[in-house]
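Student:
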Amino acid sequence: MTNPLNPFVYGRVLSASDAACPRPQYEVAILETVRNTGRLALVGDRRLGKSSLVERTLEAHKQRVLRWDFQQLLSIEDLIRRCAED
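Take 3 as the starting number for the sequence shown in this note's numbering and just add one per residue.
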C-alpha cells in the first residue's frame, strides 16, 4: 500500500491539479455566493487551503477567477504592474 501524496505545498498557492480534500458544503457556499454576486468570508488557520478551495471550485465550474498575488510586493508601482498583467 502506498502513502497518499502530502497536499501541503509551501511557498505557493495550490493549483487545481494538486491534491485536495473534497469539501462539498463549502464548495456549494462558494458557488452560491458567486452566482448571487455576494460576499463570503472563509475563516480558518493558515495553510488549510482556503484560497485553493475557492480557486479550484470556481475553476471546476467554469467560473472566471482573477487571482492577485501580493506576496513580496515591492512598491505601489509593482502593485499596479501586477494588477495590469493579471
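Ideal Cβ positions, reconstructed from N, Cα and C, are used throughout, including at glycine. Every value quoted in this text rests on a predicted model; they were computed, and no experiment measured them.
Comparing C-alpha positions only, which one of TYR12, VAL45, ILE32 sits nearest to THR59?
Tutor: Residue mapping note: residue 59 aligns to position 57 of the sequence shown, counting from 1. For the residues TYR12, VAL45, ILE32, the minimum Cα distance to THR59 belongs to ILE32.
Student: Can you name, in chain order, every residue of its own chain whose Cβ lies under 8 Å from the Cβ of LEU81, other than the five neighbours on each side?
Tutor: Here the question's residue 81 lines up with position 79 in the sequence shown. Same-chain partners within the cutoff: PHE72, LEU75.
Student: Figure out for me which residue from LYS64, CYS85, PRO24 has the closest Cα to the Cα of LEU50.
Tutor: Counted from its first residue, the sequence shown places residue 50 at position 48. It is PRO24.
Student: May I ask you to report which of helix, strand or coil DSSP gives CYS23?
Tutor: As a position in the sequence shown, residue 23 is number 21, starting the count at 1. Note: CYS23 maps to coil in three-state DSSP.
Student: I'd like to know whether the C-beta atoms of ASP88 and TRP70 end up nearer to each other than 7 Å.
Tutor: Against the sequence shown, residue 88 aligns to sequence position 86. Against the sequence shown, residue 70 aligns to sequence position 68. Yes, the pair counts as a contact, with Cβ atoms nearer than the cut-off.
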